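One structure is given below, encoded as C-alpha cells.
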Amino acid sequence: MNNVIGLSRVTPAARVLGATVLTALALAGCDTVSRATATRQFAVVEADKSGATEVNIASLSDVIQRNPSDAAAYNTRGAAYARAGNFDSAIADFTKAIQLDPNSASAYGNRALAYRQSGRNDAALQDFSKAINADPNYTAAYIGRANLQRAQGNFEAAYSDLSQAIRLTPESAEAYHARGLVRQAQGQHRSAIGDFDAAIDRNPFVAAPYAARGQSLIATNQYDKAIEDYNAALNVNNKDADSWAYRGLAYEKSNRRQEATESYQRAVAIDQGNAIAKQGLGRMQGGMASLFR
C-alpha cells in the first residue's frame, strides 16, 4: 500500500507531518451523533503555531523541484498544505501525485479527506471508493467513506464499510468508534455501547468515544455510568462544551440539580449557543417537569 510516510528523502519531521495531519483529519471525522451545536465539523486541523508547517512545505518544495516525478513527495507536501489549512493546494498536490502514480491509494484517500474538509462531499466519496479500488485492504478509506455515508444518512452502507474495516484491522479503535456512531444514529444504543467499549479498550486516551458512549448510556437510563464517561472525556478535554452539557443532562435526569446546573453553566461559558445546555438551564430555572414529559 502506498503511504505518505514512505518518502525516504524527506526530513523526518516532514514524514511525521505527512502521517499525523491526515490521521488527525480522519479521526476528527468520528464526531458524536447528537451535536448540540449547529455546525458539524467532520475534519478539523488545528492551526500550526510553531512555524514547522511552513518550513516543511519549503523543504518539500525543494524535494519536488529536484525530483518532479516523485509522487510521494507531492503526497507528503499535500499533507503539509492540509495541516496549514490550505486545502486547494493540498488537493492540487494529491491530484499531481495521482497523475504520477494512478494506483496510489493513500493519495486518493488523502484527497478525499481534503475534499471533505472543503465541503465537496461527492468528490470525497468518489475518491474514497477509488482508494479502496486501488487497495481493497486500505482500512482508512473504508472508515473515511463510512463517516461520510453516515453523515448522509446511508447507515447500512456505512455499517458495511466499518465492519470490513474491523475485519481488516481488528485493533482499530477508530473503526469501532465510527461503527458505534452508526448504531447510535439508528437508535441501537446497546449495540453502540458495545462498539464504544471496544474503541475505549483499544485506545482509552481519546475523549470522543467516552462522550459518544455517554449519550447512549443516557438513552438507556444509565445516568451514573454516563456521568463517569463524561468525567473521563472532560479529563482529556475540558473545553468540550457538549461533554459538559450532556453531563449536565445526566445529572439532571438523576435529579441532581446543583451538579446539573453547574455543568450546564460550564458548557454555556465555552459555547453560548449550546442548545443542550441552554435548554437545561431553562429547565433548572423553570422546574424539572418538562424533562420527563
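Sequence positions in the sequence shown follow mature numbering (1 follows the signal peptide of the UniProt record, and there is no 0) and run -28 to -1, 1 to 265. All C-beta atoms in this analysis are idealised placements derived from N, C-alpha and C, irrespective of residue type, glycine included. The model shown is predicted, which means the values in this text are computed figures rather than measured ones.
{"Asked": "Can you check which of these residues, Ala95, Gln156, Lys68, Phe59, is closest to Gly125 by C-alpha distance?", "Found": "Gln156"}
{"Asked": "If you draw a straight line from the C-alpha of Asp107 to the C-alpha of Ala79, how long is it?", "Found": "11 Å"}
{"Asked": "What did DSSP end up calling Asp212 once you bin it into helix, strand or coil?", "Found": "coil"}
{"Asked": "Taking 6 Å as the limit between beta carbons, can you name the residues of its chain near Val208, skipping five residues before and five after?", "Found": "Ala179"}
{"Asked": "Around the Cβ of Ala19, are there at least 16 other Cβ atoms within 10 angstroms (buried) or fewer (exposed)?", "Found": "Residue placement at Ala19 is flagged as unreliable, the pLDDT there being 44, under the threshold of 50; a coordinate-derived value is accordingly withheld."}
{"Asked": "Leaving aside the five residues before and after Ser61 along the sequence, list all residues of the same chain whose C-beta is less than 6 Å from its C-beta, in chain order.", "Found": "Tyr53"}
{"Asked": "Can you say whether Gln187 is buried or exposed, counting buried as having 16 or more other CB atoms within 10 angstroms of its CB?", "Found": "buried"}
{"Asked": "Any heavy atom of the ligand FAD closer than 7 Å to the CB of Tyr223?", "Found": "Among the ligands in the structure shown, none appear at all, so the ligand FAD cannot be discussed."}
{"Asked": "Rounding to the nearest angstrom, what Cα-Cα distance links Gln244 and Lys250 in this structure?", "Found": "8 Å"}
{"Asked": "Rounded to a whole number of angstroms, what is the C-alpha to C-alpha distance between Ala10 and Gln158?", "Found": "Confidence is the limiting factor: at Ala10 the pLDDT is only 30, short of 50, which leaves the residue's position unreliable, though a coordinate-based value still follows. Taking the straight line from one Cα to the other gives about 20 Å."}
{"Asked": "Considering Lys177, what are the terminal residues of the alpha helix (DSSP H) in which it resides?", "Found": "The sequence given here has Phe at residue 177, not Lys. Looking at the DSSP string, Phe177 is not in any alpha helix (DSSP H), and its letter there is neither H nor E."}
{"Asked": "Leaving out five residues on either side along the sequence, give the residues of the same chain with a beta carbon under 8 Å from the beta carbon of Gln136.", "Found": "Tyr114"}
{"Asked": "State buried or exposed for Lys211, treating a residue as buried only when at least 16 other CB atoms are found within 10 Å of its CB.", "Found": "exposed"}
{"Asked": "Would Ser235 pass as a contact of Gly220 if the rule is Cβ separation under 8 Å?", "Found": "yes"}
{"Asked": "Restricting to runs no shorter than 4 residues, where is the alpha helix (DSSP H) found entirely within the segment 128 to 178?", "Found": "145 to 157, 161 to 174"}
{"Asked": "Go ahead and pull the three-state DSSP assignment for Cys2.", "Found": "With a pLDDT of 48 at Cys2, under the threshold of 50, the modelled position of this residue cannot be trusted, and the question is left open."}
{"Asked": "So which of Ala213, Ala184, Arg83 has the shortest CA-CA distance to Ala164?", "Found": "Ala184"}
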